[in-house]
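Counted from 1, the sequence shown has number 183 at position 72 by this note's numbering; the numbering is strictly sequential. Glycine included, each C-beta is placed from N, C-alpha and C at the ideal position. Notes follow the structure.
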Amino acid sequence: MLRRVRIVVRGLVQGVGFRAFILNIARSLGLRGFVKNQLDGSVLIVAEGDEQALQKLIDAASRGPPAAIVENIDIVYEEYRGDLPRFYIDYDCP
């Protein structure tokens, strides 16, 4: 079943290669969506795809790359929209 998930990761997650780490994993899993830094120091991930692939992405986001320290992760499942063309890094901070 296709789903959409919104993930907010908090901790030491900016300036440690977190977005590139998520980008590589999401693309390898065939997911669509984006990852972006937030002004509050967190990282936002929005992804769509198969539920099993999304769970693997969530597991990876919970660990992060070696230099990251993940303190908290919020996960919200949403209805699949199919409006994301590929997985990319969104460099625009809100």
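Looking at the secondary structure, which residues open and close the alpha helix (DSSP H) in which residue i lies?
i, result
"E162", "E162 to R174"
"R143", "Run containing R143: none in the alpha helix (DSSP H); it sits in the beta strand (DSSP E), R143 to N148."
"S139", "F129 to S139"
I'd like to confirm the pairing. Which residues does DSSP put opposite residue i in its beta bridges?
i, result
"R115", "E159 and E189"
"L123", "I180"
State the Cα-Cα distance for the pair residue i and residue j, rounded to the nearest angstrom.
i, j, result
"G126", "N135", "16 Å"
"N183", "G152", "12 Å"
For the beta strand (DSSP E) that residue i lies in, which residues bound it at each end?
i, result
"M202", "Reading the sequence as shown, one finds Tyr at residue 202 and not Met. Segment: none, Y202 is in no beta strand (DSSP E) and carries neither H nor E."
On a CA-only basis, which of the options is nearest residue i? Give me that one, please.
i, options, result
"A178", "L113, R117 and G122", "G122"
"Q149", "A171, R138 and F129", "F129"
"A137", "I180, R197, D201 and D203", "R197"
"Y202", "F145, I133, E182 and G160", "F145"
"L113", "R143, E182 and A131", "R143"
With C-beta atoms as the reference, is residue i less than 8 Å away from residue j?
i, j, result
"V154", "V187", "no"
"E189", "R115", "yes"
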